[in-house]
Amino acid sequence: MLNLENIMLSRGGRTVIKDFSAAADRGDVVALLGPNGAGKTTLLHFIAGVLKGDSGDIYYQGNRVDPASADWRRRLTYVLDDGGIIPLLTIEEQIYLQCVLVGVSHTESIERTKLVIDLLELARYRGYRGDELSAGLRKRLGIGIGIVRDAEVFLFDEPFSSLDVQAMAVFGRILMTLKNRGRIVIAASHSFPFLHNLCNQVWTLSAGVVANQPNKQDLHTLLDHPFQSGNTSIEEIDVPWMLEST
Amino acid sequence: MDARINVNRLSKALYRRGIHRILGNPFLGTFTAFLIVLFLIRIAANLYLAINLANMGSRIDAVQIAGAHFIYLSAYAIWVGSLSSLRISLALPRLCFVNFAPGGKQFRSRFRRQIAFRRPLSIVALSIILFTAIVFSLLLGNWCVVVVQALVVLCSTFIGIFVVLAVASWSFQSRSEIQIMEMLYLIFLVALNPDIGPFNNQVSIFFRGFHFPFHSVWEIGFAVGLIVLLALLIPILVRMMSAMGKIFRKKLSLSPMERWYWRFLRIRSWVLLYLVILPVLISTNTTPGAKRWALVLSILFGAVSYLYFIAQCENTLHEKWRCSLFDKGNIRIITRSVLVHIVLMTIPILGYVAAK
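Going line by line, the protein sequences match chains A and B. The first sequence begins at 2 in my numbering and counts up by one. The second sequence begins at -2 in my numbering and counts up by one.
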């Protein structure tokens, strides 16, 4: 069981998250929702030990966790928004490196690298370096690096952004696997319609205030938003400096 | 997939690609390469001259010449080499998947160690040290002194590199910042202009016309220590200035216009000017002519800096807000900038007057 208790986080002198408490159990897929700037990435950074919090604690299986500790790094994997890749290494080098860094043997690492490359349909680009990849391929690689190792807690920051439909479907299958195998998944996303079938918890953040576990009405409002359902007639915005071309 | 792949090979590949994919501005990279060539030509010419003069029967202060070259190469390794290895270390981003892997910290430090051992004392610098040590040992007829000198310099240079790397990685954030520092240190090194000349009936090395006795191990150790201190001075200053800037901005809660103004003013370049000019003005060894030149140069720098500032303001105002610096309401920028530049300029002038 993962417990976050009274977390308070600031960035650049501004309080981003105030008094946030939440819990997730094995097999939980948590959708972390909130508008831009609400503090989703900040919260994930805190859980992963990238940022220090002002106050609050993380407990895992009843024990207090130091997010920067090596023990926590063994239990957690974090896929950053930009994939968190190394620009000068190739796709297969990066996946292999991740395996070795988590203590997988050489032969097993090569096996796993092949498997993940095939799963995420990266075979055509296996020799490409990180800085030669498009945003979508970087995200796929980031996910590949994240799942090539086993962990107890998986953090994903905007996993659906830049992915094409096929890759989204693959990622959905990955989430289902993690869920069925009892891992804790926290995914910060704006693409709730993709997540809502898989997640069994929703944490929402809004401008520093936490509306933890939103009620059904809120979620329906979110799901029924014309942009989410796709049933919308799109209106123009008022931009007087953009004149109609003649 | 290549079955010979392993962590060590990946770390080496990252290092190799980090060098080739110029991690910085190509123009600055080219200029730095040009300065390195000048630096190498200077050393080669001096060694060639010293060996020729020795063959013609002149008395050579071999220990001093060898020591001066060791120190010169040590300064290169500590100043330029550490900074360039810091720049290459950015090939492994500060935040990437390596941060979240249990073996990530070890991999990062292995990569840094690898660069620190290879880059600053590159094969060229090491070969020159070895060549100098062998040739001057032969000229002297005694290998002990020169070889001990070389070993002392090598050991203290390695320690210096690690100290500078630790401090600089804490101070510098961007590639271009590091690259500019590399270039400035190289310009300083080339400007030191080590030259062969007579001293006490012996052929010795002079740096900008000054003779330094590099005879004892203590003198050499002291010189390397001074190089490390000088190398640390700038990162510490940069760090202090950015910390002061933060406090200053927080306390005064500057408006966007004022923040913009301070960004364009390039206060760092003024601090650098003071660091270069003030010792020249204050020093009792400097001739009045050199002091006058230093003052003229700093006034010239002030004028150029002001023109740059005004041009940047005008360009940005025009590009972003379609207005001019001379429009109504913007006069404050001109008056304030003139006042600030006058205040900044008074420091070298006061230094000159006080030294007179």
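Even glycine gets a Cβ: it sits at the ideal position worked out from N, Cα and C. Quantities reported herein were computed from a predicted structural model and do not represent experimental measurements.
- Here residue 90 of chain A is not near residue 4 of chain B, since their CB atoms are 8 Å or more apart.
- At a cut-off of 8 Å between C-beta atoms, residue 71 of chain A counts as an interface residue with respect to chain B.
- Residue 108 of chain B has a beta carbon lying at 8 Å or more from every beta carbon in chain A.
- DSSP, reduced to helix, strand and coil, places residue 66 of chain B within a helical segment of the structure shown.
- Residue 11 of chain B reaches chain A at 87, 89 and 90, counting residues in chain order whose Cβ is nearer than 8 Å.
- Per DSSP, the continuous alpha helix (DSSP H) segment holding residue 128 of chain B begins and ends at 120 to 137.
- Under the rule that a run must span 4 or more residues, the alpha helix (DSSP H) segments found entirely inside the segment 127 to 158 of chain A read 136 to 148.
- Under the rule that a run must span 4 or more residues, the alpha helix (DSSP H) segments found entirely inside the segment 181 to 209 of chain A read 193 to 196.
- For residue 110 of chain B and residue 207 of chain B, the gap between their C-alpha atoms comes out near 36 Å.
- Within chain A, 89 have C-beta atoms less than 8 Å from the C-beta of residue 15 of chain B, given in sequence order.
- Below 8 Å, enough C-beta pairs join the segment 75 to 95 of chain B and the segment 75 to 88 of chain A to call them touching: three or more.
- Under DSSP, the beta-bridge partners assigned to residue 8 of chain A are A:21.
- With contacts defined by Cβ atoms closer than 8 Å, residue 148 of chain A and residue 175 of chain A form a contacting pair.
- Straight through space, the alpha carbons of residue 335 of chain B and residue 104 of chain B are spaced by roughly 52 Å.
- When secondary structure is reduced to three states using DSSP, residue 285 of chain B falls in the helix class.
- In this structure, DSSP gives residue 3 of chain A an extended state, which the three-state scheme calls strand.
- Between the alpha carbons of residue 200 of chain B and residue 192 of chain B lies a gap of roughly 10 Å.
- Straight-line measurement puts the Cα of residue 239 of chain A at about 54 Å from the Cα of residue 31 of chain B.
- Chain B has no Cβ within less than 8 Å of the Cβ of residue 188 of chain A.
- The beta carbons of residue 64 of chain B and residue 217 of chain B sit closer together than 8 Å.
- Exclusion of the five residues before and after residue 288 of chain B leaves 277, 278, 349 and 352 as the residues of its chain whose Cβ lies within less than 7 Å of its Cβ.
- In this structure, A:63 is the residue among A:11, A:63, A:42 and A:122 with its C-alpha nearest to the C-alpha of residue 5 of chain A.
- Note that the C-beta distance between residue 165 of chain B and residue 80 of chain B is below 8 Å.
- At least 8 Å separates the beta-carbon of residue 89 of chain B from that of residue 67 of chain B.
- Interface criterion met: the Cβ of residue 93 of chain B is under 8 Å from a Cβ in chain A.
- At a cut-off of 8 Å, the C-beta of residue 75 of chain B has no neighbouring C-beta in chain A.
- Between residue 127 of chain B and the set B:202, B:147, B:137 and B:116, the nearest pair of CA atoms involves B:147.
- By the neighbour-count definition (other C-beta atoms within 10 Å, threshold 16), residue 290 of chain B is an exposed residue.
- Residue pairing of residue 207 of chain B in beta bridges, as defined by DSSP: B:204.
- Taking a beta-carbon distance threshold of 8 Å, residue -2 of chain B counts as an interface residue toward chain A.
- The beta carbons of residue 129 of chain B and residue 44 of chain B sit closer together than 8 Å.
- When CB distances to chain B are screened at a threshold of 8 Å, the residues of the segment 88 to 115 of chain A falling below it are 88, 89, 90, 93, 94, 95, 97, 98, 99, 101, 102, 103, 104, 107, 111, 114 and 115, in chain order.
- Counting the other CB atoms within 10 Å of its CB gives residue 172 of chain A a total of 16 or more, which places it among the buried residues.
- If you look at residue 66 of chain A, you'll find it isn't in any alpha helix (DSSP H); it sits in the beta strand (DSSP E) that goes 64 to 66.
- Per DSSP, reduced to three states, the secondary structure at residue 57 of chain A is strand.
- It is roughly 10 Å from the alpha-carbon of residue 309 of chain B to the alpha-carbon of residue 322 of chain B.
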